[in-house]
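See below for the structure under consideration.
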Amino acid sequence: MANITLGGNAATTIGELPKVGTTAPDFSLSKNDMSTASLADFKGKRVVLNIFPSVDTGVCAQSVRTFNEKISGAENTEVLCISRDLPFAQARFCAAEGLENVHTLSDFKSGDFGKNYGVTIEGGAFEGLHSRAVVVLDEAGKVIYTEQVPEVGQEPNYEGAMSALK
17 MANITLGGNA
27 ATTIGELPKV
37 GTTAPDFSLS
47 KNDMSTASLA
57 DFKGKRVVLN
67 IFPSVDTGVC
77 AQSVRTFNEK
87 ISGAENTEVL
97 CISRDLPFAQ
107 ARFCAAEGLE
117 NVHTLSDFKS
127 GDFGKNYGVT
137 IEGGAFEGLH
147 SRAVVVLDEA
157 GKVIYTEQVP
167 EVGQEPNYEG
177 AMSALK
């Protein structure tokens with residue numbers, strides 16, 4: 017479990033992020049059109065998993081915007097923005113913002129992604145949502161970078177994730 021805070025109030029996650037060097041767990045998440053996406057859909061590409069509580073909060077929205085901008089020039093790289101938001105809310109946000117370089121995926125159906133990646137929050141106001149974290153995968157699906165952001169209201173280390181892609 018990871019110790020995190022939300023507005024300075026203590027909370028924990030149900031587990032730990034996958035370890036660097038391990039194969040990332042597969043997942044089944046909902047796309048904006050309600051079809052299913054899995055990690056296998058991105059095989060052969062580098063993948064940035066931008067994980068957060070809700071696109072309807074300022075810092076979460078900013079992380080989607082920032083990764084959209086920073087990854088736009090990265091070769092053979094996809095950004096998956098993952099939360100428990102409904103796919104309709106994710107689609108609305110991206111359309112309103114004109115974001116085209118990221119994929120929004122929802123864990124609303126089962127919460128299994130949050131459990132398998134150790135990011136489901138226990139306790140506090142955001143219980144059941146995902147913590148803020150970044151996981152970067154190479155083309156073979158191996159974890160090459162992780163960051164569990166210690167304060168949910170803080171932005172992730174974008175440069176750390178980008179450096180892992182070089």
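Mind the numbering: the sequence shown is residues 17 to 182 in our numbering, read in order.
The beta carbon of each residue, even a glycine, is placed where N, CA and C say it ideally should be.
Given the structure is predicted, the values throughout are model-derived calculations rather than measurements.
DSSP places E85 in the helix class (H, G or I) of the three-state scheme. Cβ neighbours of I30 within its own chain (closer than 7 Å, five residues either side excluded): M17, K131, G134, T136, E138. In the displayed model, Q170 falls within coil according to three-state DSSP, outside both helix and strand. If only uninterrupted beta strand (DSSP E) runs of at least 3 residues are considered, those enclosed by the stretch 32–120 are 44–46, 52–54, 62–67, 93–99. Judged by beta-carbon spacing, A40 lies within the 8 Å limit of L153, meaning their Cβ atoms are closer than that value.
For L153, the enclosing beta strand (DSSP E) has its first and last residue at 149–153.
Straight through space, the alpha carbons of N48 and F104 are spaced by roughly 6 Å. Shown here, E163 sits in a strand according to DSSP, grouped into three states. Under the DSSP definition of a beta bridge, I137 partners with T29. One Cα belongs to E91, the other to H119, and the distance between them is close to 16 Å.
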